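Report on the following structure.
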Amino acid sequence: MKVLRKSVLLPVAALLVALAGGLYLPHYLLLSTDYRKADAIILLLGPDFSARQKEAHRLIQEGMADYLIISAYDKTYRIDRGQTVFLPQQVLGERSRARNGRAPGFYEDTHLELIDARIVMDALGLRSAIFVSSPYHMRRIGVMVTREFPKGNDYYFVPTRFESAPRYFWEMTGADARKIWRESVKIVWFLMYSVWL
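Those letters in the sequence shown? Residues 6 to 202, per this note's numbering, in order.
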């Protein structure tokens with residue numbers, strides 16, 4: 006009888022833990038912090054880039070940074086009275102590991118973008134940044150920033166308000182659930198390979 010109880014209770018307990026984790030996952034992924042004026046806004050690439058761009062432009066109009074870095078496109082802009090002025094790549098000096106093939110092939114795309122952004126920040130002497138991306142993307146960015154960026158600097162995480170991200174499973178669509186699943190897998194992948202970095 007005890008063996009039967011254990012063989013039933015263990016799978017039920019595992020299922021309950023998995024269900025509780027799944028219910029908590031959207032809350033975990035939705036990283037958002039207060040922010041202050043920073044040296045740079047780092048805009049990360051993704052499927053709904055226009056929503057992310059709108060958030061970055063809103064922050065620029067608020068005067069929240071002196072530079073805009075879009076490392077996926079190798080673009081850096083100085084912000085002058087709410088206007089963006091393109092800085093040619095030659096101004097920035099060293100090119101990144103990601104762009105010249107020195108990064109391992111298993112690196113995740115967001116990780117490569119962040120490495121590039123850090124190199125641009127180093128070249129310009131910048132010490133604080135506001136990271137802008139989709140809501141469910143923000144926790145993974147936070148995990149990677151902790152690994153790739155210098156400690157002691159100020160980093161803020163601002164998800165775009167122009168893209169929906171339900172917090173509760175009963176509000177979610179199938180597309181939301183797929184985004185959450187992909188983000189979870191990517192975080193686990195990064196944590197696995199970052200052990201060897």
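Using N, Cα and C, we set each Cβ at its ideal position, and we do this for glycine too. Remember, it's a predicted structure, so these values are computed and weren't measured experimentally.
Between residue i and chain B, is any beta-carbon pair separated by less than 8 Å?
i: Leu35; result: No chain B is present in this structure, which holds just one protein chain.
Just grab the DSSP bridge partners of residue i for me.
i: Ala45; result: Tyr72, Ala134
i: Leu36; result: Its beta-bridge partners do not exist; DSSP assigns none.
Can you tell me where the alpha helix (DSSP H) holding residue i begins and where it ends?
i: Lys184; result: 179–199
i: Thr165; result: It is not in any alpha helix (DSSP H) - Thr165 carries neither H nor E in the DSSP assignment.
i: Leu119; result: 114–129
i: Leu64; result: 54–66
i: Glu153; result: 143–153
Between the alpha carbons of residue i and residue j, how many angstroms are there, rounded?
i: Ala170; j: Arg152; result: 26 Å
i: Asp79; j: Glu176; result: 37 Å
i: Trp186; j: Tyr173; result: 14 Å
i: His62; j: Leu35; result: 21 Å
i: Ala23; j: Val163; result: Unreliable placement is indicated for Ala23, whose pLDDT of 49 sits below 50; the coordinate value is still reported in the next sentence. Taking the straight line from one Cα to the other gives about 29 Å.
i: Ala182; j: Tyr161; result: 26 Å
i: Phe54; j: Leu119; result: 16 Å
i: Val90; j: Leu129; result: 15 Å
i: Val200; j: Arg86; result: 43 Å
i: Gly68; j: Asp127; result: 22 Å
i: Lys59; j: Asp121; result: 22 Å
i: His32; j: Met197; result: 22 Å
i: Thr178; j: Val137; result: 23 Å
i: Gly157; j: Arg132; result: 9 Å
i: Ala108; j: Leu64; result: 31 Å
i: Ser37; j: Thr115; result: 18 Å
i: Asp39; j: Phe111; result: 33 Å
i: Arg123; j: Ala180; result: 31 Å
i: Val148; j: Tyr72; result: 23 Å
i: Asp159; j: Val150; result: 11 Å
Go through its chain and collect everything with a Cβ distance to residue i's Cβ below 7 Å, but skip five positions before and after it.
i: Leu92; result: Thr81, Tyr82, Arg83
i: Val125; result: Ile74, Ser76, Thr81, Leu97
Tell me which residues share the same chain as residue i and place their Cβ nearer than 6 Å to its Cβ, disregarding the 5 neighbours each side in the sequence.
i: Ile75; result: Leu48
i: Lys42; result: Met69
On a CA-only basis, which of the options is nearest residue i? Give me that one, please.
i: Glu113; options: Val190, His32, Tyr33; result: Val190
i: Thr165; options: Val150, His116, Ile135; result: Ile135
i: Pro52; options: Ile192, Pro155, Tyr141; result: Tyr141
i: Arg145; options: Trp194, Asp159, Gln88; result: Trp194
The beta strand (DSSP E) that contains residue i, what's its start and end?
i: Arg83; result: 80–85
i: Phe91; result: 88–92
So, at 8 Å on beta carbons, what are the nonlocal neighbours of residue i in its own chain, with the 5 sequence-adjacent residues on each side left out?
i: Leu30; result: Ile185, Ser189
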